[in-house]
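Everything below concerns the one structure shown next.
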Amino acid sequence: MKKIFAVVLLAVAFAMPSKAQFSWGIQAGLNMSNISVKDAADNVGTAVKSRTGFFVGPTVKFTLPLVGLGIDASALYDQREGKAGDETIKSQSIQIPINVRYGFGLGSVAEVFAFAGPQFGFKLSGDKDFGVAEWTLKSSNLSANIGIGATVLSKLQAKLNYNIALGKTGEVDATVAGVTKEISSAKFNAWQVSLAWFF
Numbered sequence: 035m036k037k038i039f040a041v042v043l044l045a046v047a048f049a050m051p052s053k054a055q056f057s058w059g060i061q062a063g064l065n066m067s068n069i070s071v072k073d074a075a076d077n078v079g080t081a082v083k084s085r086t087g088f089f090v091g092p093t094v095k096f097t098l099p100l101v102g103l104g105i106d107a108s109a110l111y112d113q114r115e116g117k118a119g120d121e122t123i124k125s126q127s128i129q130i131p132i133n134v135r136y137g138f139g140l141g142s143v144a145e146v147f148a149f150a151g152p153q154f155g156f157k158l159s160g161d162k163d164f165g166v167a168e169w170t171l172k173s174s175n176l177s178a179n180i181g182i183g184a185t186v187l188s189k190l191q192a193k194l195n196y197n198i199a200l201g202k203t204g205e206v207d208a209t210v211a212g213v214t215k216e217i218s219s220a221k222f223n224a225w226q227v228s229l230a231w232f233f
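Just so you know, we're using this note's numbering here: the sequence shown kicks off at 35 and counts up by one.
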């Protein structure tokens, strides 16, 4: 009996990959940035007035319908903005989110899912010279996503998530008497809403 049970379990394990689904598509959405700036001297944080940015790029998802688990990943051109006084802080980067997702629903008709995972960012541009100081984005950064979404007819997907910076996104350095010091740093968090179409 134990041998039969083991054979059945083995057969189920080998059958699961054959039911796996792979889809690719295009994703686009809006960033509602939440930029916090911290003074390096006294560690006091202030908020920068947020502005809306956007992101767009290819996306893929891999799901195992039997257990409801899946993975999605994207390669996104991402733009975020904030305003500090009269100055606009802008970042442009390539962002690669890799999320684990769990969904449930009505087969291919509709699905609701939750997801979370890391996001890897690589700077394209965003450094800015203020004269007496310079804003410099880190060349790469790590953040995390947590959110919910829904898919209709296996084609149209909508997602809402919060992207949380896990370290400094950039810093402001000033040079005085030939000595360069960090005077403040910033984190770019963002609420993100997106739509994707899978082919």
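Using N, Cα and C, we set each Cβ at its ideal position, and we do this for glycine too.
query: Just reading off the beta strand (DSSP E) that Thr203 is part of, what are its end residues?; result: Here Thr203 belongs to no beta strand (DSSP E), and DSSP marks it neither H nor E.
query: Could you check the C-alpha separation between Phe147 and Val94 for me, to the nearest Å?; result: 15 Å
query: Take Gly212 as the anchor and find which of Ala167, Ala230, Phe138 and Gln55 has the nearest alpha-carbon.; result: Ala167
query: Is the Cβ-Cβ distance between Ala109 and Gly91 less than 8 Å?; result: yes
query: Report back the beta-carbon spacing between Phe232 and Ser188 to the nearest angstrom; my notes put them in contact at under 8 Å.; result: 7 Å
query: Cα separation between Ala192 and Gly165?; result: 43 Å
query: If you draw a straight line from the C-alpha of Ser57 to the C-alpha of Gly201, how long is it?; result: 32 Å
query: If you check the beta carbons only, do Ala220 and Asn65 fall under 8 Å apart?; result: no
query: Do you know offhand how far Ala208's Cα is from Gly104's?; result: 46 Å
query: Leaving aside the five residues before and after Thr97 along the sequence, list all residues of the same chain whose C-beta is less than 6 Å from its C-beta, in chain order.; result: Gln55 and Gly104
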